[in-house]
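All remarks here apply to the structure that follows.
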Amino acid sequence: MSATEPESHYRWVVTSASLVLVALSYGSASAFSVFLKPLVEEFGWPRGAASLAYSFNMVCSGLFAIAMGAVADRYGTRRVALLGITFLGLGLILSSRTSHLWQLYLSFGLVAGGMGFGSLNAPLVANVTGWFDRNRGLATSITFSGTGLGVMVLSPLSRYLITTYGWRTSFLILGVLSWTIGFPLALLIRTRFSAHFASTSQALASATAPDPHVPGPPLKNRPNGELSQLLWRMRSAILCCCITMSIPLVHVVAYAQDQGIPKMAAATLLGAMGGFGFVGRILMGFVSDRIGGRSTLLLCSILQTSGVLGLLMAHGLGTLYLFGSLFGIGYGGLLPQYAVITREAMGTRVIGRTYGTISLFGTGGMAIGGALGGFLFDLSGTYLLPFGLAVLSGIANILLAVSLLHMKVESSPTPVLQAKSPSLS
Numbered sequence: 031m032s033a034t035e036p037e038s039h040y041r042w043v044v045t046s047a048s049l050v051l052v053a054l055s056y057g058s059a060s061a062f063s064v065f066l067k068p069l070v071e072e073f074g075w076p077r078g079a080a081s082l083a084y085s086f087n088m089v090c091s092g093l094f095a096i097a098m099g100a101v102a103d104r105y106g107t108r109r110v111a112l113l114g115i116t117f118l119g120l121g122l123i124l125s126s127r128t129s130h131l132w133q134l135y136l137s138f139g140l141v142a143g144g145m146g147f148g149s150l151n152a153p154l155v156a157n158v159t160g161w162f163d164r165n166r167g168l169a170t171s172i173t174f175s176g177t178g179l180g181v182m183v184l185s186p187l188s189r190y191l192i193t194t195y196g197w198r199t200s201f202l203i204l205g206v207l208s209w210t211i212g213f214p215l216a217l218l219i220r221t222r223f224s225a226h227f228a229s230t231s232q233a234l235a236s237a238t239a240p241d242p243h244v245p246g247p248p249l250k251n252r253p254n255g256e257l258s259q260l261l262w263r264m265r266s267a268i269l270c271c272c273i274t275m276s277i278p279l280v281h282v283v284a285y286a287q288d289q290g291i292p293k294m295a296a297a298t299l300l301g302a303m304g305g306f307g308f309v310g311r312i313l314m315g316f317v318s319d320r321i322g323g324r325s326t327l328l329l330c331s332i333l334q335t336s337g338v339l340g341l342l343m344a345h346g347l348g349t350l351y352l353f354g355s356l357f358g359i360g361y362g363g364l365l366p367q368y369a370v371i372t373r374e375a376m377g378t379r380v381i382g383r384t385y386g387t388i389s390l391f392g393t394g395g396m397a398i399g400g401a402l403g404g405f406l407f408d409l410s411g412t413y414l415l416p417f418g419l420a421v422l423s424g425i426a427n428i429l430l431a432v433s434l435l436h437m438k439v440e441s442s443p444t445p446v447l448q449a450k451s452p453s454l455s
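Written out as structure tokens, the structure reads:
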């Protein structure tokens, strides 16, 4: 890396701060699984209607992430991170005053999700890649792994707070905690794009590439029909993948409690899934470097779907933990592979825009699965239908992943992007 020695060390400070900020934002969103039953029990809301708050959180975060990437390009990632932490904490605090569903949709969905979560994850990951020419894949995996770390820590913490203080005070404490931890870390964020990247969008385009010279054909060299088929298969795969992913993430705590599992143990189950997701995200980064994104996608899809099937058949805390851990490793390694495959197929040109559309299908899958799981529970009175749907969606994802293995990708050198002068702000 062409950087001074202090800058070379500081890139790991930026990476570490970004890891914790991602953990705060994603962990707060996933902790909704712990809040679901207390909200339903107090207000008598259907689980499907209550689960829509999580769906709005996912949709709004996906839409805002695109806009906030452009804002980060213009005004710097530190300002965007400060803005994101402000709204994340504010949304959680406003959620503590909820009395009606529409208030929860606005506070948890729009403010905490879109304006908070959406301002943190993608801009932070993109910024981290701008600090690295080498070890970019490792740094990106570390930052992405904050999603699993957040679930692992904040899910059992939320359960403890709810048991001790009630759900309203718990939302309030999480909001204040986000500010207390998040603001100092956001101030550590700096922007320095390496010699290959001139902006956040260009950096995000290379987020999952372990080396700037990974081969991949430029867009203009790919047949339009083949490219279109590849992209639509990937969009369909990530949609199915995220439906499978979101149903357990949103409903596994309620599912375990319905089986008679104690509340804290049920929340810790979700935390364990997040912990193994943390491990899976880093582990599958190494695996992907060796066997490729497509094969790793298939492996993770099989692990995730097998985990959901096991959860569906599990009875007792031990088997729930066993299959929850299997699910965690699979879901942790899945999402980065879509960006890896996109880069392998297209090089770096227009990958930011292309991967952005693919990730929107993933966000849509998370929203659909979370809400549909609740509505199917309301319809049937059990989680057999929701988890059965997750398994079927997972099988569809596996079949699509297999089809991707058989699509040929020609190799040609990846074009090097012209850069502006590196900036440090």
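For the sequence shown, the positions run 31 to 455 when this note's numbering is used. Note that the Cβ used here is the ideal one computed from N, Cα and C, for glycine as well. Every value quoted in this text rests on a predicted model; they were computed, and no experiment measured them.
The beta carbon of G307 sits closer than 6 Å to the beta carbons of G178, G358, Y361, G362 from its chain, once the five residues preceding and following it are set aside; these are given in chain order.
Of all C-beta pairs linking the region 70-87 to the region 394-404, three or more are shorter than 8 Å, placing the two stretches in contact. Rounded to the nearest whole angstrom, the CA to CA distance from R198 to I123 is 9 Å. Between the alpha carbons of F407 and G121 lies a distance of about 27 Å. Judged by DSSP secondary structure, F306 falls within the alpha helix (DSSP H) whose first and last residues are 293-321. By alpha-carbon distance to F138, the top candidate from S60, I172, V50 is S60.
Membership of Q289 in any alpha helix (DSSP H) is not indicated, and neither H nor E is assigned to it by DSSP. When only Cα atoms are considered, V309 and S175 end up about 8 Å apart. Under the three-state reduction of DSSP output, Y413 falls in the coil class, being neither helix nor strand. In the DSSP assignment, S125 falls within the unbroken alpha helix (DSSP H) covering 107-125. In terms of Cα proximity to S433, the closest of F417, R320, L313, W262 is W262. Going by DSSP, M182 is part of the alpha helix (DSSP H) stretching over 176-195. Put simply, the region 339-347 touches the region 415-425. At least three CB pairs are less than 8 Å apart. One thing to note: A111 has its Cβ within 9 Å of the Cβ of L51. The DSSP-derived three-state label of A401 is helix.
Per DSSP, W132 is one residue of the alpha helix (DSSP H) stretching across 131-134. M275 carries a helical assignment under DSSP once its states are collapsed to helix, strand and coil. Between the beta-carbon of C272 and that of G399 there is about 6 Å, and that keeps the pair under the 8 Å contact cut.
Taking a contact to require three or more Cβ pairs closer than 8 Å, the region 265-283 and the region 62-73 qualify as touching. If you draw a straight line from the Cα of A297 to the Cα of G143, it is about 21 Å long. Contact between R265 and F117 fails: their C-beta atoms lie close to 29 Å from each other, not under 8 Å. A distance of 9 Å or more separates the beta carbons of S171 and R41.
With fewer than three CB-CB distances shorter than 8 Å, the region 315-326 does not count as touching the region 286-300. Remark: C-beta atoms of G337 and G212 do not approach each other more closely than 9 Å. If you look at V70, you'll find it in the alpha helix (DSSP H) that goes 62-73. In the structure shown, H345 falls within a coil segment according to DSSP collapsed to helix, strand and coil.
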